[in-house]
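Numbering (the numbering used here), first residue to last: 413 to 751.
This report refers to the structure that appears directly beneath it.
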């Protein structure tokens with residue numbers, strides 16, 4: 413078995429050295445991959461890890477930057493025009509299995525041209541992947557090549573893909589301010605914004621759930637003895653929470669056939685708002701309309717100061733220091749006592 417071989421195809425050198433495990437393409441180290449299996453698996457893996465949108469940017473950026481190195485190489489070649497370099501590149505790529513590329517309408521002064529890609533390796537991969545639209549690696553690769561050769565940033569726009577049923581993929585190229593670095597920044601901003609929006613939505617959902625839980629757990633109506641219910645005021649009350657408590661209390665008290673409502677103010681937040689003081693009067697006034705007398709217990713020095721500085725009149729209500737005193741008083745008013 414021959415361990416070394418050299419062939420020339422369309423002026424392009426290929427050589428193999430099996431003893432050192434080298435494959436050379438135009439005197440440069442190269443390697444071969446099966447398109448429909450190994451390369452497809454490579455593309456599938458990148459897309460699986462990064463996601464569809466990010467993976468396309470990876471392919472686009474990689475294609476452009478690799479093309480830029482090729483373009484700069486040909487730009488530095490003496491006595492080779494852009495037109496000649498374009499033919500050399502397309503012939504070389506065809507020999508390397510990249511498919512057939514035809515450059516048309518090349519305008520060196522305007523830095524524009526059109527390219528037709530026929531049966532490119534990227535098209536073949538996208539085809540076995542079952543995609544309906546082509547990739548961005550090869551279109552961006554030629555943008556990089558001609559950016560290097562023209563010495564100005566070139567970008568592209570795909571007119572149509574071969575995957576869409578056409579005989580070839582057609583791409584037009586032109587000078588542009590669009591760069592792969594800008595595209596990376598835009599995707600990063602978009603990704604960050606999406607993450608922020610997702611986080612905000614999660615926080616909103618959790619806040620809504622927490623508010624619902626607070627509504628269920630806070631300020632319950634507790635029947636302690638026949639004819640006596642206790643409503644502990646817990647935390648801080650804003651306008652919305654105050655209205656909900658009044659409504660909840662009025663809806664539940666009749667079912668307990670209560671004569672006395674004891675408002676326990678022990679658990680109120682230290683920073684008592686004007687809504688808290690007004691809430692106490694509102695509950696007491698509302699329950700009085702349905703024949704229930706209100707007793708206040710657990711008034712702190714802080715609350716007494718707020719009440720004194722407000723327009724709320726609580727002198728008409730019986731007030732006691734502890735819940736136990738309030739319960740005993742209520743029982744006494746009904747002619748009963750705890751034995």
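No residue lacks a Cβ here, since even glycine has one placed at the ideal position from N, Cα and C.
By the C-beta density criterion, residue 721 is exposed, having fewer than 16 other C-beta atoms within 10 angstroms. With 16 or more other Cβ atoms from the protein chains shown falling within 10 Å of its own Cβ, residue 633 counts as buried.
Residue 578 carries a coil assignment under DSSP once its states are collapsed to helix, strand and coil. Taking 3 residues as the shortest admissible run, the segment 581-623 contains the following complete beta strand (DSSP E) segments, listed from N- to C-terminal end: 581-587.
Look at residue 513 here: in three-state DSSP terms it is strand. Contact annotation: residue 424 and residue 502 have beta-carbon atoms that are not nearer than 8 angstroms.
When C-alpha distances from residue 705 are compared across 440, 443, 729, the shortest belongs to 729. Our two residues, residue 636 and residue 606, have alpha carbons roughly 52 angstroms apart in a direct line. By the neighbour-count definition (other C-beta atoms within 10 Å, threshold 16), residue 676 is a buried residue. Sorting 534, 474, 740 by C-alpha distance to the C-alpha of residue 640 places 740 at the top. One Cα belongs to residue 708, the other to residue 652, and the distance between them is close to 22 angstroms. Residue 638 has no beta-bridge partner at all, per DSSP. Counting along the chain, the unbroken alpha helix (DSSP H) around residue 474 starts and ends at 464-487.
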